[in-house]
Amino acid sequence: MSVPQLTDAERDAALAELEGWTLRGDGKAIECTFEFDDFVQAFGFMTRVAILAQSQDHHPEWFNVYNRVEITLTTHDAGGLSQRDVTLAKAIDHLL
Ligand code: HBI
Numbered sequence: 001m002s003v004p005q006l007t008d009a010e011r012d013a014a015l016a017e018l019e020g021w022t023l024r025g026d027g028k029a030i031e032c033t034f035e036f037d038d039f040v041q042a043f044g045f046m047t048r049v050a051i052l053a054q055s056q057d058h059h060p061e062w063f064n065v066y067n068r069v070e071i072t073l074t075t076h077d078a079g080g081l082s083q084r085d086v087t088l089a090k091a092i093d094h095l096l
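Position one of the sequence shown corresponds to residue 1 (the UniProt record's numbering), numbered consecutively onward.
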């Protein structure tokens, strides 16, 4: 399924609204690192993100070690950033 990429202006506006997300060097993804008190808190966060992702049919690329969760959002069907990434990032921010 083809999905439109964000324009540069849309991208910049979205980043201004998000909390702590940064643009990856290639401009095709946004990234954020989350730190928690311990592994269980981190994994619980990941579980809540997984439920969000499934409900939005949009899935993160992520890494977890102990209390740290690194999330990268990009839209494979767009070959870069789309509104789906922004929508999921905003929903993740609202979990905190
Ligand atoms: N998640 N990040 C991301 N990017 C996609 O393009 C994508 C997805 N999850 C499911 C999904 N696409 C489906 O809609 C199919 O297009 C694979």
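The beta-carbon is built from N, C-alpha and C at its ideal position, and this holds for glycine as well.
Values in this document were obtained by computation on a predicted structure and should not be read as measured data.
Non-local beta-carbon contacts of residue 37 in its own chain, meaning distances under 7 Å to residues more than five positions away in sequence, involve 67 in chain order.
Around the beta-carbon of residue 94, fewer than 16 other beta-carbon atoms lie within 10 Å, marking it exposed. Excluding sequence positions up to five before and after residue 96, its CB lies less than 7 Å from no other CB in the same chain. Note that the C-beta distance between residue 58 and residue 84 is below 8 Å. Residue 27 sits in coil when the DSSP states are folded into three classes, being neither helix nor strand.
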